[in-house]
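Novice:
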Amino acid sequence: MFMKKTFFLIFLGVLILPNLILAVTESLSWSGRLLNVVTPLAAYWLVLTLSRKVGRTIILLFPLLFLGAFQMVLTYLYGRGPIAVDMWLNLVTTNPGEVGELLSQLMPAIVWVVIIYIPTLTLAAILWRRHLYLDKTLLRRPALIATASTAVITTVLAGVTPYAPTTDLFPLNAVYNFGIALTRQKATTDYPSVSASFSYHAHYTFTDSVPETLVLVIGETSRADNWQLYGYHRPTNPLLSKAHGLTVFTDYMSQSNTTHKSVPILLSMADADNYDILYHTKGIMQAFREAGYHTVFLSNQQRNHSLIDYLGEQADYCLFLRDRHPETTDDTYLLTPLQQQLTAHRGQRLFVVLHTYGSHFNYADRYPKAARIFTPDHYDGAKRSYRQQLINAYDNTIRHTDLLLSQVMTALEGTGGCAAMMYTSDHGEDIFDDHRNLFLHASPFPSYWQLHVPLVVWTSPVYQQHHADIVTHLAANRHRPAESNSVFHTLLSMGGVATRYRNDSLSLASQSYTDHPRLFIDDHNQPRTYDACMQPIDMEQMKKRMK
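Take the sequence shown: its letter number 527 is residue 793 in our numbering, and every next letter is one higher.
Laid out in structure tokens, this is it:
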């Protein structure tokens, strides 16, 4: 009897463990924290006593154990938050190589999950195989009494505290978010057919006879605070800092901290205020094509059947380098097909998007050995004790991006034409920057470091001559608050692409640019103000860095 009761309590403890952790990490009232523990505890107790075959019950509850393990790993990474919709989607859109790189660096969290859950499943299998059953005294009557009492307590507490089970109660919130993720994935799969008939009815407005070449370079995981151009103490932008014709936007933020949302915001008119418009409209490639541009999408990332793939495929020419060379991670490999397109379409209007791999973790794999400027850059896992090594490797990725952008500018200038380049990153990154020990990105609640990203625009002498008004507007707006939803409209302005969908109040290349409230698109695709989703430490950091 004693051993069987002990097994029962072990199983109950393992099931409730994620709730106990979330009761500490989440920003809930005391009654909300209590609800987050008492309610599932009673439910687990009831489920475990529905049958005397408790070992079999635990095996059947494997999906619940998986959710618990997943939640604990995410809590280790982000410090707070449930299993979000975006995290479920990341499981679908992240390629196996990235998953392997990440898991190899998260050994502390994985070790704890293995220590807790593997013995639990092993013990359950042994009990089931040996036909060891619960004593009848542990069966339903006590569980029913506990459940009824909990229902009363839950009803009372829910009436006096702001508490939404689908948001605050694990594992209900995880299952609810999984359902939303399935709906979004279905919308993504249907996107090509749903958006097929969409048109911008765009046309070209510049009257001179000199064709424009515009290049948008999309960085990955590059945060502005590690850029020399943004006041960083290290020489991470030795080439860009000497470039002529460069405009640096100093107060610019991404509206999302996940790639599968942030990149579509750059490539379409979707934004935090109206993200779901993306599912039935086309992107920037379509607008430029309708205006007479030859459009090119070159990517150093792998296809993942996401909206990014579909938006890229709307170009006249689309190339994913890693379709042919899966192990390629050096972004400078994009320069060869770029030069080929510049040569093949000299004298034509040309719009090119380069989607780089940038500073994506594992940082030390993003640059060649010859580019190891900041050392030591070797680390044994994602641990705070290795922060300096992680920063060294990360800074090397920024410097390698500096090289890429310099070479893109050189290639454009070499055409002798009317050319411009824009660079921005999809989102930033946490690298154990404060006492919260946050790492990576894509957390349900963003930090300042995940959203503050660079935005720079370079224009050639010929472009400056023919479009002096645009260059003037860019310079005038360089210190204005801006977000990633400005990229689409700014590029249309720079390319002379007119459409009723272009919003000049969001175009940094227009004198009509207007300051807008800063917004973040949350896990449920809803706009949230920074006050509603950021912690005070992040707001203070913004004030400090953007003075």
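Just so you know, even glycine gets a beta-carbon here, dropped at the ideal spot from N, CA and C.
Which residues bound the alpha helix (DSSP H) around Trp715?
Specialist: DSSP places Trp715 in the uninterrupted alpha helix (DSSP H) bounded by 714-717.
Novice: Can you tell me whether Ile392 is buried or exposed? The criterion is at least 16 other CB atoms within 10 Å of its CB, across all chains shown.
Specialist: exposed
Novice: Going by beta carbon distance, what residues of the same chain come within less than 6 Å of Arg615, once the five residues before and after it are set aside?
Specialist: Pro477, Glu478, Gly558, Tyr559
Novice: Going by DSSP, name the residue or residues bridged to Gly485.
Specialist: Ser691
Novice: Determine the DSSP secondary structure at Phe586, reduced to helix, strand or coil.
Specialist: strand
Novice: Just verifying my parser: in three-state terms, what is the DSSP assignment at Ile697?
Specialist: Residue state, collapsed to three classes: strand.
Novice: Using only alpha-carbon positions, find the residue among Thr595, Leu601, His526, Leu389 that is nearest to Leu357.
Specialist: His526
Novice: For the candidate residues Tyr310, Asn285, Tyr779, Tyr767, whose alpha-carbon lies nearest to that of Ile543?
Specialist: Tyr767
Novice: Which of the three DSSP states, helix, strand or coil, is assigned to Tyr796?
Specialist: Helix at Tyr796.
Novice: Within its chain, find whatever has a CB closer than 6 Å to the CB of Ala538; leave out the 5 residues flanking it on each side and keep chain order.
Specialist: Apart from the 5 residues on each side of it in sequence, Ala538 sits with its Cβ closer than 6 Å to the Cβ of Gln521, Leu785, Ile787, Pro793 in its chain, given in chain order.
Novice: Beta carbon of Asp352, beta carbon of Asp789: below 7 Å?
Specialist: yes
Novice: When you compare each of Val723, Asp631, Trp296, Gly762 to Thr516 by their alpha carbons, which one comes out closest?
Specialist: Val723
Novice: In terms of alpha-carbon separation, which member of Tyr457, Leu398, Gly549, Ile384 lies closest to Tyr466?
Specialist: That would be Gly549, whose Cα lies nearest to the Cα of Tyr466.
Novice: From this set, Val753, Ala708, Asn751, which residue's C-alpha is nearest Pro348's C-alpha?
Specialist: Nearest C-alpha to Pro348: Ala708.
Novice: Counting only beta-carbon atoms, is Asp735 nearer than 7 Å to chain B?
Specialist: Within the model displayed, chain B is absent; a lone protein chain is all it includes.
Novice: Is it buried or exposed for Ser463, if we count other Cβ within 10 angstroms and need 16 for buried?
Specialist: exposed
Novice: Asp692 and Gly485 look like a contact to me (Cβ under 8 Å); what is the Cβ gap, rounded to whole Å?
Specialist: At roughly 7 Å, the Cβ-Cβ gap stays under 8 Å, so Asp692 and Gly485 are in contact.
Novice: Check the DSSP bridge columns for Tyr470 and list the partner residues they point to.
Specialist: Val763
Novice: By alpha-carbon positions, which one of Thr502, Arg489, Lys508, His546 ends up nearest to Ser461?
Specialist: Residue His546 is the option with its Cα nearest to Ser461.
Novice: Less than 7 Å between the beta carbons of Gly682 and Gln716, yes or no?
Specialist: no
Novice: Within a Cβ cutoff of 6 Å, which residues of the same chain sit near Ala764, ignoring the five residues on either side of it in sequence?
Specialist: These residues qualify, in order along the chain: His469, Thr471.
Novice: Using the Cβ count rule (16 or more neighbours within 10 Å means buried), how would you classify Met267?
Specialist: Bear in mind that the predicted position of Met267 carries a pLDDT of just 47, short of 50, making it unreliable; the figure below should be weighed with that in mind. So Met267 counts as exposed.
Novice: Given a cut-off of 7 Å, decide if Met760 and Ala775 are closer than it, judged by their beta-carbon atoms.
Specialist: yes
Novice: Across the stretch 564-573 and the stretch 590-605, are there enough close Cβ pairs to call them in contact, namely three or more that are closer than 8 Å?
Specialist: yes
Novice: Spatial neighbours of Pro437 within its chain, please: CB distance less than 7 Å, with the 5 preceding and 5 following residues excluded, ordered by chain position.
Specialist: Leu330, Leu333
Novice: Measure the beta-carbon distance from Arg871 to His701 and round it to whole angstroms, keeping in mind my assumption that it falls under 8 Å.
Specialist: Since the first residue of the chain shown is 267 and the last is 813, residue 871 is not available in this structure.
Novice: Taking the beta strand (DSSP E) that Trp724 belongs to, which residues open and close that run?
Specialist: That run of the beta strand (DSSP E) goes 721-725.
Novice: Scan the stretch 496-555 and note each continuous alpha helix (DSSP H) run of 4 residues or more that stays entirely inside, going in chain order.
Specialist: Fully enclosed alpha helix (DSSP H) runs of 4 or longer: 525-533.
Novice: Can you give the Cα-Cα distance for Val562 and Ile574, rounded to whole angstroms?
Specialist: 14 Å
Novice: Looking at the structure shown, is Val622 part of a helix, part of a strand, or coil, going by DSSP?
Specialist: The amino acid occupying residue 622 in the given sequence is Thr; Val does not appear at that position. Three-state DSSP puts Thr622 in coil, outside helix and strand.
Novice: Could you pull out every residue in the same chain whose Cβ sits closer than 7 Å to the Cβ of Ile803, ignoring the five residues on either side in sequence?
Specialist: Asp700
Novice: Rounded to whole angstroms, what's the CA-CA distance from Ala375 to Leu340? Just pull it up for me.
Specialist: 9 Å
Novice: Classify Trp296: buried if its beta carbon has 16 or more other beta carbons within 10 angstroms, exposed otherwise.
Specialist: Residue burial annotation: Trp296 is exposed, with fewer than 16 other C-beta atoms found within 10 angstroms of its C-beta.
Novice: Decide yes or no for the touch test of the stretch 303-321 against the stretch 673-680: beta carbon pairs closer than 8 Å, at least 3 of them.
Specialist: no
Novice: Looking only at its own chain, which residues have a Cβ that is under 7 Å from the Cβ of Ala553, when we skip the five neighbours before and after it?
Specialist: Tyr466, Ala468, Leu758, Val763, Thr765
Novice: Across which residues does DSSP place Ser565 in a beta bridge pair?
Specialist: DSSP, once it has assigned bridges, lists Phe586, His621 as partnering Ser565.
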